[in-house]
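*Asks:* In this note's numbering, the protein residues as written are 422 to 563.
Cβ coordinates follow ideal geometry from the N, Cα and C atoms, glycine included.
Please read through the structure below; I'll follow up with questions.
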C-alpha cells in the first residue's frame with residue numbers, strides 16, 4: 422500500500438478480464454500524490470466508415486505486399502471476447518470513466534502526435550488499416 426510514485430501501462434487494459442479490479446490495485450499501491458498513467462486506445466470500431474477503411478487498407482496491403490493481409494488479423498473468438506469487457510466500441514471512453522470512478526484526479530490527453538508520427542512513415546494501406554485513436558489518462562492520487 423502507498424508504495425509507488427508511478428504506475429504506468431501501455432495497451433494493456435483492453436486485455437484484462439477485470440479492468441476495474443486492476444485499476445483498484447494500481448490505486449492502492451500508489452503513494453499520495455502518485456500517478457497512474459494509462460496509454461490505451463479505441464481499438465474496436467463498430468462504425469461502417471472504420472470497417473470500410475480497414476477493409477480497403479487490408480486489400481491494399483495484400484496487393485502491394487503480395488500476401489494475404491486478412492490472415493490472422495486480430496480475429497478473437499466469441500468466448501474470449503465475452504471475457505474481455507474492454508473489447509468493445511468506445512473502450513477508451515469506458516476506461517476514462519473507470520479511472521475517474523477510482524477516486525483519482527484525472528487528466529485526459531490525446532496522443533495525436535504519436536498517431537501523426539506513425540502515419541508519416543506508413544503506406545496508405547497501413548494508414549487506412551489503422552484508424553485507431555489513442556488516449557493518455559493521467560490519474561493523481563490525492
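I'd like to confirm the pairing. Which residues does DSSP put opposite residue 425 in its beta bridges?
*Replies:* For the purposes of this step, residue 425 is taken as the residue at position 4 of the chain shown. 451.
*Asks:* According to DSSP, is residue 518 part of a helix, a strand, or is it coil?
*Replies:* The residue labelled residue 518 in the question sits at position 97 within the chain shown. Of the three classes helix, strand and coil, the one that applies to residue 518 here is helix, per DSSP.
*Asks:* DSSP on residue 442, reduced to helix/strand/coil?
*Replies:* Indexing the chain shown from 1 puts residue 442 at position 21. Residue 442: helix per DSSP, three-state reduction.
*Asks:* Who are residue 549's beta bridge partners in DSSP?
*Replies:* To locate residue 549, count along the chain shown from 1; it is residue 128. In DSSP, residue 549 forms no bridge with anything.
*Asks:* In angstroms, rounded to a whole number, what distance separates the CA positions of residue 462 and residue 486?
*Replies:* The count along the chain shown starts at 1 and reaches residue 462 at position 41. The count along the chain shown starts at 1 and reaches residue 486 at position 65. One C-alpha to the other measures close to 27 Å.
*Asks:* Excluding the 5 residues flanking residue 491 on each side, which residues of the same chain have their C-beta closer than 6 Å to its C-beta?
*Replies:* What you label residue 491 is simply residue 70 of the chain shown in a count that begins at 1. Taken in chain order, the residues that qualify are 479.
*Asks:* Where does residue 489 fall in DSSP's three states?
*Replies:* Within the chain shown, the letter at position 68 stands for residue 489. Coil at residue 489, not helix or strand.
*Asks:* Excluding the 5 residues flanking residue 422 on each side, which residues of the same chain have their C-beta closer than 7 Å to its C-beta?
*Replies:* Looking up residue 422 in the chain shown gives position 1. 449, 450, listed in sequence order.
*Asks:* Can you give the Cα-Cα distance for residue 514 and residue 531, rounded to whole angstroms?
*Replies:* Taking the chain shown and counting its residues from 1, the one referred to as residue 514 is at position 93. Taking the chain shown and counting its residues from 1, the one referred to as residue 531 is at position 110. Each residue's alpha carbon lies about 12 Å from the other.
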